[in-house]
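This report refers to the structure that appears directly beneath it.
Residue numbers (my numbering): 12 to 358.
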């Protein structure tokens with residue numbers, strides 16, 4: 012729906028400017044300058060949506076008229092993003108508020124016209140409504156909780172409540188790092204194959220009518236060496252990217268009434284400006300996006316620290332951390348003491 016609107020706006024502007032050149036340049040530009048703002052006013056008003064969250068329902072209003080009511084009850088709420096690449100180039104994101112009703116029904120409400128920031132704020136507010144913060148059975152979830160494929164690890168049995176009143180979560184860092192390295196090797200091999208395939212096809216198109224000889228093979232040795240060097244550089248850059256991810260993988264997270272300790276780093280509520288997290292229930296349209304990572308981002312007064320806690324879905328060569336919901340609830344409980352709450356981040 013967003014693409015046709017953009018095209019219509021562009022066509023209107025082009026038409027105005029074309030008529031201005033062919034008829035009367037000055038009068039055409041004046042008409043365009045007057046019509047375009049008038050054309051945009053109703054569009055801006057249409058996208059001006061008011062959202063009210065009460066104890067009973069979520070209301071969506073436009074022009075002072077409520078056009079959608081979503082009961083809260085014991086329903087669960089999550090984010091759902093659909094990404095479509097038009098013409099294989101232009102990415103467009105369709106954002107939805109997914110409601111999992113207490114009777115098992117699942118319905119997606121499109122957040123048409125929402126900016127990424129507004130959408131994330133809405134998802135963050137709905138995470139504490141109804142049954143979104145309650146423990147759910149596997150049948151209630153659209154995505155399974157267990158990890159699949161070669162990443163079949165379970166939480167460390169030492170995870171749980173601490174004797175002094177806090178919570179400790181142990182993330183399977185060693186297993187997840189091995190999984191990241193495995194994914195890097197797979198990506199590197201496929202990248203090398205694709206580059207070589209493209210280079211061979213390009214060379215064949217130029218040399219298909221050339222007679223093969225020892226001199227030709229000798230002449231091709233230099234381009235082949237350059238090709239190998241290019242592949243090596245690409246793979247090296249990929250490794251730097253994966254190594255950066257590996258460094259963001261935590262092992263032990265401890266949350267008490269007065270601090271968050273991740274491995275050897277401690278954050279007190281006073282120095283935390285805000286915490287951003289991927290929603291516990293966050294659904295995406297295709298497998299590529301489902302391989303995105305769950306992130307915990309802590310912004311202090313002087314620096315931002317980001318941690319990766321598995322993938323957003325349980326797919327092959329992915330790890331779905333089952334204790335992520337407990338982590339999110341513990342972070343919320345800590346921030347509530349200082350009048351703050353975690354901000355949900357989406358892709």
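Cβ atoms here follow ideal geometry from the backbone N, Cα and C, with glycine treated the same way.
With residue i as the anchor, note down where its alpha helix (DSSP H) starts and where it stops.
| i | result |
| --- | --- |
| residue 137 | 127 to 137 |
| residue 260 | Counting along the chain, residue 260 falls outside any alpha helix (DSSP H), and DSSP gives it neither H nor E. |
| residue 342 | 335 to 347 |
My assumption, with CB atoms under 8 angstroms, is that residue i sits in contact with residue j. Please give the rounded CB distance.
| i | j | result |
| --- | --- | --- |
| residue 311 | residue 284 | 6 angstroms |
| residue 289 | residue 323 | 6 angstroms |
| residue 210 | residue 248 | With 8 angstroms as the limit, residue 210 and residue 248 do not qualify as a contact, their Cβ atoms being about 18 angstroms apart. |
| residue 206 | residue 241 | 7 angstroms |
| residue 140 | residue 122 | Residue 140 to residue 122, Cβ: 16 angstroms. No contact. |
| residue 291 | residue 253 | Between residue 253 and residue 291 the Cβ distance is about 26 angstroms, and since that is not below 8 angstroms, they are no contact. |
| residue 338 | residue 264 | 6 angstroms |
| residue 71 | residue 77 | 7 angstroms |
| residue 94 | residue 102 | 6 angstroms |
| residue 190 | residue 328 | 7 angstroms |
Just tell me which of the options has its CA closest to the CA of residue i.
| i | options | result |
| --- | --- | --- |
| residue 286 | 332, 126, 248, 346 | 346 |
| residue 255 | 212, 192, 356 | 192 |
| residue 119 | 102, 274, 79, 84 | 79 |
| residue 124 | 60, 77, 76 | 60 |
| residue 246 | 204, 269, 215 | 204 |
| residue 330 | 250, 63, 186 | 186 |
| residue 325 | 344, 104, 303 | 303 |
| residue 273 | 137, 106, 342, 251 | 342 |
| residue 281 | 313, 72, 188 | 313 |
| residue 250 | 65, 188, 103, 126 | 188 |
| residue 356 | 208, 308, 82 | 308 |
| residue 73 | 63, 67, 82 | 63 |
| residue 306 | 354, 279, 137, 116 | 354 |
| residue 104 | 127, 83, 137 | 127 |
| residue 138 | 333, 69, 178, 75 | 69 |
| residue 86 | 106, 321, 97, 116 | 116 |
| residue 84 | 67, 97, 75, 95 | 67 |
| residue 344 | 97, 81, 101, 177 | 177 |
| residue 340 | 81, 96, 135, 102 | 135 |
In the DSSP assignment, what are the bridge partners of residue i?
| i | result |
| --- | --- |
| residue 357 | Paired residue(s): none; residue 357 is not in a bridge. |
| residue 71 | 62, 79 |
| residue 288 | 307, 355 |
| residue 118 | 110 |
| residue 202 | Answer by DSSP bridge pairing: none, since residue 202 is not bridged. |
| residue 96 | 102 |
| residue 272 | 265, 277 |
| residue 316 | 309 |
| residue 283 | 311 |
Taking residue i as part of the beta strand (DSSP E), name the residues at either end of that continuous run.
| i | result |
| --- | --- |
| residue 326 | Where residue 326 is concerned, there is no enclosing beta strand (DSSP E), given that its DSSP letter is neither H nor E. |
Does any residue of chain D bring its CB to less than 8 angstroms from the CB of residue i?
| i | result |
| --- | --- |
| residue 282 | The chain labelled as chain D is not found in the depicted structure, where only one protein chain is given. |
Report yes if the C-beta of residue i is less than 7 angstroms from at least one heavy atom of the ligand MG; otherwise report no.
| i | result |
| --- | --- |
| residue 245 | Although the ligand MG was asked about, the structure shown includes no ligands whatsoever. |
The region 108 to 116 in contact with the region 314 to 328 per 3-pair CB rule at 8 angstroms: They do not touch, by the three-pair rule.
Could you tell me whether the region 182 to 189 touches the region 260 to 277, where touching means 3 or more Cβ pairs closer than 8 angstroms? By the C-beta criterion, the region 182 to 189 is judged to be in contact with the region 260 to 277, since at least 3 inter-stretch pairs fall below 8 angstroms.
Contact between the region 188 to 197 and the region 334 to 354: three or more CB pairs below 8 angstroms? In short, these stretches do not touch, since the Cβ pair count stays below three.
Cβ contact (3+ pairs, closer than 8 angstroms) linking the region 81 to 94 and the region 130 to 140: Enough Cβ pairs lie closer than 8 angstroms, so yes.
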